[in-house]
Structures are given as C-alpha cells and as structure tokens.
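Residue numbers (this note's numbering), protein chains in the order written: chain A, 1 to 209; chain B, 1001 to 1209.
No residue lacks a Cβ here, since even glycine has one placed at the ideal position from N, Cα and C.
What follows is one structure encoded as structure tokens, with my remarks underneath.
Number of protein chains: 2
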Amino acid sequence: MSLRYAILGTLSTSASSGYDLARQFGLGLGWFWSASHSQIYPELRRLEDAGLIEGSVTTVGEKLEKRVYAITPTGLDELVAWVSQPPQYRPNRDPERIQLIFSDLAGAESVRRHLEAHVEYYVRRRDQVRQTRDLISAGKHARVQLRVAGRSPAEHAFTLLLREIAYDGDVERAELEIAWAQRALRALDEYERRYRSQGEPVANAAETV
Amino acid sequence: MSLRYAILGTLSTSASSGYDLARQFGLGLGWFWSASHSQIYPELRRLEDAGLIEGSVTTVGEKLEKRVYAITPTGLDELVAWVSQPPQYRPNRDPERIQLIFSDLAGAESVRRHLEAHVEYYVRRRDQVRQTRDLISAGKHARVQLRVAGRSPAEHAFTLLLREIAYDGDVERAELEIAWAQRALRALDEYERRYRSQGEPVANAAETV
DNA sequence: CCGACCATGTAATATGTTACATGATTGT
DNA sequence: ACAATCATGTAACATATTACATGGTCGG
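Written as structure tokens, this is what we have:
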C-alpha cells in the first residue's frame, strides 16, 4: 500500500500530474520510494475512485492534455492516519548479501570486484543525497519551500527537521556501506597474504574433478 | 530472479526439502532473504524443470512424503555465474522514511513513537544477528559447518570470512539505525524545547479551519 | 524540421502475500 | 487424545518490471 501513500504525500505538497509524480520518484524522492509511470497512472485512477484525490484536465499548448491531481480532505486524513501508524518492517531481501555469502564458490577476485562496485555505488549515492540534504538545510530545495509556504515558523522548522533527519540517515547509511566494504577489502587482502595461491574457488575444484 | 539463487545457494550447502528451505528463509538466512512456502514450492518445480536441481522422494514414517532437492552440476555452474556478476542495485523502497518525511502532518508525538519503535526493532535485530555471527566465528554454526566440511583450510577460512563480513555488516547497519534514531529523538527534544506548544500538527490546523 | 522532452496510457510478465486446503508424525 | 510441528500444495490478490503504443510541445 505504500505507493498509494507516497503519492498522497507528494500531492500533499502540491497538486501534480502523473508525469510529475514519475519524475519525483526518479529524482530526490526516489531515494526513499521509486515507481514507474506504468504503476503510477493506474494508481491515480484508483485513488480518484476512492475519493482521496481529485483530477482536473488542463491543456498544454493546443491539444496536449494533462491531468493534474490534488489531494482531497479525505485523502489528507488517510495520509495523516497512515503516517501516524507505527512502522511496519517488511521482510528483508538483499540480493547483494546473498551473492556475497555464496561467493565462496567463486573466489577472492570475484569478491573483490563485488566490494569495489559496492563502494563505487554508495559513493555516488552518498554524494547525491548529501547534495539534496544541503539544499534542504539551506532552504533552497524547491519542493520543500513549496511545502512550508504559509506555515508558522514552528511548522516550518519541524518540516525541515524531519527532512534533515531522513536525508542524514541516508547519507550515513551510504557512509557505512563504504566503510564496511573498504574494511572487507582489507580483510580480503589479509586473507590472501595468509593463504597465498591456495584460495582457489571451490566450484573450479568441483568442475575439474 | 534472486529467489532462484537464494535457493540454489542454500542447496549448494546441502540437499533440502521445500519445508527446510522455508525454515531457512525464516531463520538465519532470513536476514538476507526471505520467502514463504507458497513461493518456494512452485520455484522448486521450475528449477527442476530447468535441470538446475534434482528432487528425490523419501518417506518420513509410514506415508508422509518428502521431496528432497539436490543441486546439479548445471545448477552449480549457474549459481557460480550469478554470484560472479557485479551487484545490481534495485530501486529503493523505504516505507518508514516516507512515513517520516510526511510526518510533519502528524506532529512531534507521532514522530517520537515512530523513532522509538525504530530503535526497538533494530535492537532486537542487532542482538539476533550478532548471536548468529558469534556462532559462525566460533565455528559452531551447524549449516556453516556443513558447508565447509571436507574443504581445505584456505577454503574453510574463506567461507568463514565472507560470512563474518556479511553478518558484521548487518550488525553495523542495525547499530547505525539505533544511533540515528536516538540522535533524531534528541533533535526532536531540542525542537520541542525551542517551540514549546507551537508545534501543532499541520493537518489538525487544516481540519479545524 | 528534428531531437529532447512532455504526457498518458495498456499488456504481458514476474514477484510476493495471504488465505485456503489437506493430511501425517511426534511427543506428552 | 491432542497439540505442535512436519510436509506439500493451490488460488486469489497485490505489487512491480519491461515492453508496447501513441501523440504533442518547445527550443534551436
């Protein structure tokens, strides 16, 4: 059900078209939730049928139709009820870790490549999230500006605080992943020093029997 | 496709029934991959049709049938090819963060409850993962013992190393989440001190207009 | 005029959850 | 006997990915 609330949340900042939402889920918000347009358009219809949002058709240029959806009071109630719920932790699915723990079949070089790619991915991610976080702190993030427009200083500060907490957490996660992978690479070096040229992959051994 | 490889990986340690796999995915391995029996049984059939595993029927007691699946050489090749691939990072979906960033609509008390639940969840998780990690390091983890049985000291050490790296990473992630949430709780205290009784939820304000 | 982008949809397939369904074994 | 656990499946539904499909606008 989270797609539904990710959409409602975005619309609680400003009315948007499906296309806009798809872009949001690909940019800043994409670190926390992503969805493709093929998932968004049908969901918007369902939300409208449920009375949680209301669409209006506008035209761009001469003929190009655009449906802009706004959240309704009912929709806002639903959203508030959802965010107030205790978090529900879903079962974990971590393909990278599965790859890693079964990589004893593939050997140290494969693990090294895996960990190096891990560092690379999270360095990029950390930098991008940090950039967004800094924009927010500086009060220059367009959508956050939109969200706090017309609110009291206390509300303004509260919105900013929550965003900073969320983005900081993501930056820290990325930093952890980088540090972890680098430590793992050093442990791998240590392993190779100790067992030089004896660490052949198990599967190769099996294949050559 | 990861369910497929999570199963192949588990079977590369020892032949198992669907029921056994479902249990594995609920226990230790469940931190990295989980699946329910209704997903496992059909997947086992598909893996068998693809020639990656081979099932044999045994009987428990008088009548109770049990299908035990073993990985085939083709299956092992497939698994090795998969773990050797660079990691493929899937789009993020983090319902808790979505809840948090839109919680400016619900107020500080709601956020406090959210963060406290977060700490509670990750403390439990950290303790459980750490326990498993310690079992592995001590050489007392039954399935890891099974996996390294008959291997050279170098291979043995390599398997152990990878498991330690993986489980350590999960413990560290949990510790990060705990520290992050506790810091966020302090920041929330600070906020409340500063804006005492002005921090009413935005949605309440909207409702009472 | 043409390429990048705006804009909205559907279809087929893959993946994952919850509920329904059945029956045997083991230990107390 | 009875409860907990072993053991295997299907069905309905929800969620997510990839591919197919169409056409308009805007700036250079």
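### Inter-stretch contact at 8 Å, needing at least 3 Cβ pairs: the segment 161–175 of chain A / the segment 119–134 of chain A
Because the criterion of three Cβ pairs below 8 Å is met, the segment 161–175 of chain A and the segment 119–134 of chain A touch.
### Task
Using the DSSP secondary-structure output, state which residues sit across from LEU1064 (chain B) in a beta bridge.
Looking at the DSSP assignment, LEU1064 (chain B) forms a beta bridge with B:VAL1060.
### Message
Between which residues of its own chain and THR1059 (chain B) is the CB-CB distance below 8 Å, once the five residues before and five after are set aside?
### Response
GLU1065, LYS1066
#### Entry: Minimum Cβ-Cβ distance from GLU96 (chain A) to chain B less than 8 Å
yes
### Contact set for GLU96 (chain A): own chain, Cβ-Cβ below 8 Å, skip 5 residues either direction
Spatial neighbours of GLU96 (chain A) in its own chain (CB-CB distance under 8 Å, excluding positions within 5 residues in sequence) are listed in chain order as HIS114, HIS118.
### Task
Taking GLN39 (chain A) as part of the alpha helix (DSSP H), name the residues at either end of that continuous run.
37–49
### Presumed contact (8 Å Cβ cut-off) between LEU1047 (chain B) and ILE1101 (chain B), rounded CB distance
Contact flag wrong, Cβ pair sits at about 41 Å.
#### Entry: Helix, strand or coil at ALA1108 (chain B) [DSSP, three-state]
helix
### Query
Which of helix, strand or coil does DSSP assign to ALA1273 (chain B)?
Examination of residue 1273 (chain B) is not possible in this model, given that chain B is present from 1001 through 1209 alone.
### Task
Using a Cβ cut-off of 8 Å, pull out every chain A residue sitting near LEU1162 (chain B), in sequence order please.
LEU100, ILE101, SER103, ASP104, VAL111
#### Entry: Within chain A, the residues that GLY1009 (chain B) reaches when beta carbons sit closer than 8 Å
Within chain A, the residues near GLY1009 (chain B) are ILE98, ILE101, PHE102.
### Query
Which residue from A:ALA184, A:GLY139, A:TRP82 puts its Cα closest to that of ILE1165 (chain B)?
A:ALA184
### Task
Using a Cβ-Cβ cut-off of less than 7 Å, list which residues of the segment 166–193 of chain A approach chain B; keep chain order.
ALA166, GLY169, GLU172, ARG173, LEU176, TRP180, ALA184, ALA187, TYR191
### Message
Looking at SER1016 (chain B): is its Cβ nearer than 8 Å to the Cβ of TYR1069 (chain B)?
### Response
yes
### Query
Going by beta carbon distance, what residues of the same chain come within less than 8 Å of LEU29 (chain A), once the five residues before and after it are set aside?
Excluding residues within five positions, the ones whose Cβ falls inside 8 Å are ALA6, THR10.
### Query
Nearest to LEU161 (chain A) by CA position, among B:GLU1116, B:ALA1108, B:SER1034, is which residue?
B:ALA1108
### Query
So does the segment 1084–1095 of chain B actually touch the segment 20–36 of chain A, counting three or more Cβ pairs closer than 8 Å?
yes
### Task
Give every residue of the same chain whose Cβ lies closer than 6 Å to the Cβ of ALA138 (chain A), excluding the five residues on either side of it in the sequence, and list them in chain order.
Taken in chain order, the list of residues that qualify is empty.
### Task
Compare the C-beta of HIS225 (chain A) against all C-beta atoms of chain B and say whether one is closer than 8 Å.
Residue 225 (chain A) lies beyond the residue range present for chain A, which begins at 1 and ends at 209; the question has no answer from this structure.
### Message
By the three-class DSSP mapping on this structure, what secondary structure does SER1017 (chain B) have?
### Response
strand
### Task
Report the three-state DSSP secondary structure of TYR1089 (chain B) (helix, strand or coil).
Looking at TYR1089 (chain B) - three-state DSSP - the assignment turns out to be coil, as it is neither helix nor strand.
### Query
From ARG1186 (chain B) to LEU1176 (chain B), what distance separates their C-alpha atoms?
15 Å
### Message
Cβ closer than 9 Å: which chain B residues qualify as neighbours of TYR121 (chain A)?
### Response
PRO1087, TYR1089
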